[in-house]
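In this note's numbering, the protein residues as written are 855 to 986. Using N, Cα and C, we set each Cβ at its ideal position, and we do this for glycine too. What follows is one structure encoded as structure tokens, with my remarks underneath.
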């Protein structure tokens, strides 16, 4: 597991729990505002930095899109799922007790993972992380 910037143990515990979900290949906890990786597991530091930047760009794009704006739907975006031929990218947004806007980017193997199970388990992990 790679940590940067003094990641708190709760973040490390979060990634340990995420990596235990069947089919998870990698996970990055990132600052959605800056695109910096806060902590990661299942990849190198360079891969984590690249994925964090890309995930943050996608999150910012979705949040800025009027069609997805909370005012238009009456609902806040909590999660973004992108499906590819080999797997799924789950991007879960979380606001921590310190009001940091974090995003958890999870790469789930399509043949070994179960999106519904992963989403269910991620909700529990993120609730604990948000409580902080």
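Cβ pair residue i, residue j closer than 8 Å
{"i": "residue 967", "j": "residue 878", "result": "yes"}
{"i": "residue 865", "j": "residue 893", "result": "yes"}
{"i": "residue 876", "j": "residue 971", "result": "yes"}
{"i": "residue 931", "j": "residue 912", "result": "no"}
{"i": "residue 872", "j": "residue 948", "result": "no"}
{"i": "residue 944", "j": "residue 956", "result": "no"}
As assigned by DSSP and simplified to three states, the class of residue i
{"i": "residue 939", "result": "coil"}
{"i": "residue 955", "result": "strand"}
{"i": "residue 933", "result": "strand"}
{"i": "residue 874", "result": "coil"}
Whole-angstrom distance between residue j and residue i, CA atom to CA atom
{"i": "residue 891", "j": "residue 969", "result": "23 Å"}
{"i": "residue 888", "j": "residue 882", "result": "14 Å"}
{"i": "residue 859", "j": "residue 941", "result": "Its pLDDT being 46, under 50, residue 859 is placed unreliably in this model, and the value from its coordinates should be taken loosely. In a straight line, the C-alpha of residue 859 is about 30 Å away from that of residue 941."}
{"i": "residue 978", "j": "residue 917", "result": "23 Å"}
{"i": "residue 896", "j": "residue 982", "result": "21 Å"}
{"i": "residue 867", "j": "residue 874", "result": "11 Å"}
{"i": "residue 910", "j": "residue 884", "result": "8 Å"}
{"i": "residue 899", "j": "residue 907", "result": "12 Å"}
{"i": "residue 880", "j": "residue 869", "result": "9 Å"}
Margin query: My parser needs the beta strand (DSSP E) runs of 3 or more residues fully inside the region 880 to 923; what are they?
Written below: Within the region 880 to 923, the complete beta strand (DSSP E) runs of at least 3 residues are 891 to 895.
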